[in-house]
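A.B. asks: Submitted below is the structure of interest, expressed as structure tokens.
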Amino acid sequence: MQLISLPVSPFAARVRIAIYAKGLAVAIEPPPAGWPNSPQFRDISPTGRVPALILDDGTALWESAVILETLEELFPEATPLLGSDVLARAQARLLMAHADHYLMPPMIALAAGPDEQETRRLMGRLDEALTILDDLVDGGPYAVGEALSLGDCALAPVLFAARVTGQRLGFDLLTSTPNVARYAATIADDEHVARVLAEMEDGLSRLVRTG
């Protein structure tokens, strides 16, 4: 299998956490030259986005949540990342959806450098999403149960992005959400999460150096 990935993409990062945690033999490669618009890449990922997973039979999958669920179904015995009961699985999926629909969109929009009024509006959306998350991660070091789950795979890279967004805006986005701040610190101690966060840091440093 092959994963087409970029180090700093939170969506690609979540898949790498799952791959490392499950111990899967997956070659991790950057997009081909000319992406996102090259015909070669569009044949793999019609949206032009990473990540994309190419299975051993040549089948290509895109959308990180779909890739994560597919890896769980293909390799259920390799460190399961969905809970053992229906509610635990639902909670992990809920956290993934919250990251995708409520946390990432305002951060992506903020990265585009909107005007002051739009920045305030987006910050309000992001603050609301973080406040909701604060009620969802008030337990142990992991978001669901006592072990790494797909919820953690989704949240850890997004909270990295929140830290970077806050640094760019000049303040800590997690000051008013202590549970989220504590979770972001403790989940970073997981070996697979730590590995991917280091990749994201390195990728960000290289982006800054190259402008």
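In our numbering, the protein residues as written are -13 to 197.
Glycine is no exception: its CB is placed at the ideal position from the N, C-alpha and C atoms.
1) I'd like to confirm the pairing. Which residues does DSSP put opposite GLU15 in its beta bridges?
2) Quick one: which unbroken beta strand (DSSP E) runs of 3-plus residues sit fully inside the region 23 to 102? Chain order, please.
3) Could you work out which residue in LEU67, ARG181, LEU89 and THR105 is closest to TYR128 when comparing CA atoms only?
4) Compare the Cα-Cα distances from LEU190 to each of PRO100, PRO(-7) and GLN(-12) and report the closest residue.
5) Which residues in the same chain as ALA7 place their Cβ atom closer than 7 Å to its Cβ, once the five residues preceding and following it in sequence are excluded?
6) Pick helix, strand or coil for GLY156, following the three-state DSSP scheme.
7) Three or more beta-carbon pairs under 8 Å between the region -11 to 5 and the region 16 to 36, yes or no?
8) Give the straight-line distance between the Cα atoms of ASP43 and ALA98, rounded to the nearest whole angstrom.
9) Once DSSP output is grouped into helix, strand and coil, what is the label at GLY126?
10) For HIS87, count the other beta carbons within 10 Å of its own beta carbon; 16 or more makes it buried, fewer makes it exposed. Which is it?
11) Hey, VAL166 and VAL123 are a contact pair by Cβ (cut 8 Å); roughly how many whole angstroms apart?
C.D. replies: With the given structure in hand:
1) ILE(-10)
2) 38 to 40 and 46 to 48
3) LEU67
4) PRO(-7)
5) THR65, LEU67, LEU134 and HIS178
6) coil
7) yes
8) 38 Å
9) coil
10) exposed
11) 6 Å
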